[in-house]
Amino acid sequence: MKDLLKLFFFLAQGLLVLGTTTTGGPPKCNADNCYRALFPCPSPSAVSVASAFCATITASGTTVTNYPTRATNACGSTPDRYISACKCGPTCSSTTTTTTATVTACPSATPSNGGLVYGDFECPSPSPPWTVHILDPSFSLSTTTINSFTGNRSLRASLTGPSTCSGVCTNARIISPPLPITPNTDYKLTLATFFPNNANGGTGSTGFIGVQINGRAGLTIDANDSPGREKWRFTQSPWRSLASETTAEIRIEWIGPPSFLDTVTFAPVSAYSGSTPPPLGILPGGEFENGLGSWTQQVPDPGATAGVVTLPLSGQVNPDYRFGSHAWRVVSPQKPNPANQELLVSARLISPTVSVIPGRKYLISFSTYFDAFGIGFVGLMVNNLPIYTRDPADAGQGGIGWWGPNTVYWAAPENVSSAQLKFEAVMSEAGMMGVDAVVMVEVNPAAVTA
């Protein structure tokens, strides 16, 4: 009942903006799962087949029933969804693969952008700049176009035969070149991972991917970590340099499972602040190291206070886990009076408007903080439409007193070329909420994310 009420109150705000819609009329482009299944841009042959099929649709909107088999699970067996997908048309040609906002040229061995190493693996080979170590002869690492999170390629780890590894051991690793860093400085590592089901179809854990920076292990991603197998997962991980460190070496190791790796970046948290383009994604200023910057806030509740504050937050259980030294925080010192709120919103954080491509899919990743259960929730809106809520009791948050990761996917509707995010602190009791580490990234249209 609590979740139903939470969604009702949040969705009510969207209804005030949406107004009414009408049904009927000519077919419209819906960039949904059917569209993505019909036009998987990384596969030129599939796009060619889909284009030929769409050419059979008549001006009156009828079509033959020889639907491309790869699309039937997503589109069903009635014409309407195929006609809608064909209305969108391919966003890529039948001879080229889709490019996205995150694609870069093959990286050189010299890192750029203030120590950023971009592991989008768009080159035919992962090296340079990565050094590749194959420790298990039955294991292979190669770039591939069959599955990627951003861009057209990812790094594929696969078994070519029975493993020679006995027990728990490292099958392979990649090592970055030395990256220039500043001592006593906060950095952010990002990466996206995808674990297919086991060869026998099972889902039992077969190992993990581990990350070390300058020999300090800290991040492991198991094949069965949320959201599970057969889906891409995006991870942001904080790291702080020591007083004696002027370079950083990143090691990514495979201990067991075949998988895909993509979108590896490493950069100072400060590079995600201000109004300049961030190292990853399209949304500037999502780290708040220089205050709100190009973001704005509204505080409808006169009893609440909101703004950018220094980390760690008061009562934070894991004070060393933080992205930089600042975050956006809302405090209600006493139970809010709904008469003083705006649709139960005590404060909201508003992003600058960014350009998006109609029909494309975007990741929105951020962290949330709550100091108590039952105080309310943080809601996310895109272009004034509610798409997501996070409660301190949600499993993904992990409880109170620490920062919990959030991963949301949003598809830009037809004819929508800009986006603005709003984070709303919907508070029902006295307490504190926080938002930080906001990243918005265009992802491959064919990437399985949910």
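The sequence shown runs -19 to -1, 1 to 431 under mature numbering (1 follows the signal peptide of the UniProt record, and there is no 0). We put the beta carbon where it would ideally sit given N, CA and C, even for glycine.
- The beta carbons of Phe347 and Ala406 sit no closer together than 8 Å.
- The bridge partners DSSP lists for Asp417 are Ser348.
- By the neighbour-count criterion, in which a residue is buried when 16 or more other Cβ atoms sit within 10 angstroms of its Cβ, Arg197 is exposed.
- Look at Ile368 here: in three-state DSSP terms it is strand.
- Nearest Cα to Val280 within the set Val311, Pro265 and Gly296: Val311.
- When DSSP states are grouped into helix, strand and coil, Arg62 belongs to the helix group.
- In this structure, the alpha-carbon of Met413 lies about 20 Å from that of Met362.
- If you draw a straight line from the Cα of Phe102 to the Cα of Arg134, it is about 6 Å long.
- For Leu223, there is no enclosing beta strand (DSSP E), since its DSSP letter is neither H nor E.
- Per the Cβ contact rule, the segment 376 to 383 is not in contact with the segment 393 to 401 (fewer than 3 Cβ pairs under 8 Å).
- A contact between stretches requires three or more CB pairs, one per stretch, nearer than 8 Å, and the segment 312 to 330 meets this requirement with the segment 278 to 295.
- Comparing alpha carbon positions, the residue from Asp61, Trp276, Val298 and Gly272 closest to Thr291 is Gly272.
- Secondary structure note for Trp391: its beta strand (DSSP E) is the uninterrupted segment Trp384 to Ala392.
- No residue range can be given for Ala428, since it is assigned to no beta strand (DSSP E) and is classified by DSSP as neither H nor E.
- For Ile231, the closest of Tyr253, Asn195 and Phe241 by C-alpha to C-alpha distance is Asn195.
- At least 8 Å separates the beta-carbon of Thr286 from that of Leu344.
- Ser398 places its beta carbon less than 8 Å from that of Pro339.
- Only residues of its own chain outside the window of five on either side were considered, and among them Cys15, Arg62 and Tyr63 have a CB closer than 6 Å to the CB of Cys56, listed in chain order.
- Cβ atoms of Thr227 and Pro164 come within 8 Å of each other, at about 7 Å.
- Contact check for Phe404 against Val420 fails: the beta carbons are separated by 8 Å or more.
- The Cβ neighbour count for Leu325, taken over all protein chains shown within 10 Å, is at least 16; the residue is labelled buried.
- In the same chain as Ile233, and ignoring 5 residues on each side of it, the C-beta atoms closer than 6 Å to its own belong to Ile155 and Val192, in chain order.
- The residue from Ala153, Ala428 and Pro219 with its alpha-carbon nearest to that of Ser306 is Pro219.
- Judged by DSSP in its simplified three-state form, Ser398 adopts coil rather than helix or strand.
- DSSP places Arg197 in the uninterrupted beta strand (DSSP E) bounded by Arg197 to Asp203.
- Note that the C-beta distance between Pro258 and Gly284 is not below 8 Å.
- Taking 8 Å as the cut-off, the Cβ atoms of Ile202 and Trp235 do not count as close.
- The Cβ neighbour count for Val298, taken over all protein chains shown within 10 Å, is under 16; the residue is labelled exposed.
- If you compare the alpha carbons of Gly142, Glu270, Thr141 and Ala248 with that of Leu172, the shortest gap goes to Ala248.
- Per DSSP, the continuous beta strand (DSSP E) segment holding Ile231 begins and ends at Ile231 to Ile236.
- In the three-state reduction of the DSSP assignment, Ser336 falls in the strand class, which pools E and B.
- Looking at the DSSP output, Trp213 shares a beta bridge with Phe175.
- By the criterion of a C-beta distance shorter than 6 Å, Phe176 is surrounded in its chain by Ala204, Arg210, Pro238 and Ser240, once the five residues flanking it on both sides are discounted.
- Residue range Gly357 to Val363 is occupied by the beta strand (DSSP E) that includes Gly360.
- In the three-state DSSP reduction, Pro249 falls in the strand class (E or B).
- In the DSSP secondary-structure assignment, Lys169 is bridged to Pro219 and Ala248.
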